[in-house]
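Engineer:
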Amino acid sequence: MPASPFVKATTPTLAALLIGFLLVLCSTQPPAHAAYATSGAIGTMHKSLGGNSGKLGPAVGPQRCTLIQKGCYQSFKHGSIHWTKATGAHATLGAIRTAWKKSGWERGPLGYPTSNEYRSGSEARQKFQNGMIVWTAKSGAKVTLTKAP
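Going by mature numbering (1 follows the signal peptide of the UniProt record, and there is no 0), the letters in the sequence shown line up with residues -34 to -1, 1 to 115, in that order.
1) Run through DSSP, which three-state label would Gly97 get?
2) Exposed or buried, what is Ile34 when buried is set at 16 or more other beta-carbons lying within 10 Å of its beta-carbon?
3) Given a threshold of 16 other Cβ atoms within 10 Å of its Cβ, counted over all protein chains shown, does Ser105 qualify as buried or as exposed?
4) Near Thr(-7), what residues of its chain come up, given a Cβ to Cβ distance below 6 Å and the 5 sequence neighbours on each side ignored?
5) Does His56 come out as helix, strand or coil in the three-state DSSP assignment?
6) Return the CA-CA distance between His56 and Pro79, expressed in angstroms with no decimal places.
7) From which residue to which residue does the alpha helix (DSSP H) around Ile8 run?
8) What is the C-beta distance between Gly17 and His44, in whole angstroms, given that I count them as a contact (C-beta under 8 Å)?
9) Does DSSP put Ser46 in a helix, a strand or coil?
10) Starting from the C-beta of Ala107, find all residues in its chain whose C-beta is less than 6 Å away, skip the five residues before and the five after it, and write them out in chain order.
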């Protein structure tokens, strides 16, 4: 039995709508707040800092172990956590993280972080293998080397 004129007229339209719907459905990006998993020492540090609702926020990429000295890192919405067997896992964020980045990250003269950021009076400080970064509202972040890398 041949198709009715109605079926012949609506089939291409329905097919186009279905194809359009499938294209939209398949090309939708995951929500910006979707987090990557954290694990090991990096996951433990992230959890100790409040997890996804803490100061670092959710992970924005997977954990990667491609750094010198067999180091690993994971990026988060507001910073990162770096880990090596020798230094442990430590978070960097804000102006101190920016100063560390400008100095060359772990390949620069400071090496890896050996503490999290902490307060000392009006200063924010963070220790690294070969020095420290001190931040104040008045002078910003300053790198001080305590030993040669």
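For glycine and all other residues, C-beta sits at the position ideal for the given N, C-alpha and C.
Structural biologist: Per the coordinate set shown:
1) Residue state, collapsed to three classes: strand.
2) Exposed is the call here.
3) Exposed.
4) The predicted position of Thr(-7) is uncertain, since its pLDDT is 47 and thus under 50; a value taken from the coordinates is nonetheless stated next. Hits under 6 Å: none found.
5) His56: strand per DSSP, three-state reduction.
6) Approximately 6 Å, taken between the alpha carbons.
7) Residues Gly6 to Ser14.
8) Actually they are not in contact, since the Cβ atoms of Gly17 and His44 sit about 13 Å apart, beyond 8 Å.
9) Three-state result, Ser46: strand.
10) If we look at Ala107 and ignore the five residues flanking it on each side, its Cβ neighbours are Ala61, Ile62, Ala65, Ile99 and Trp101.
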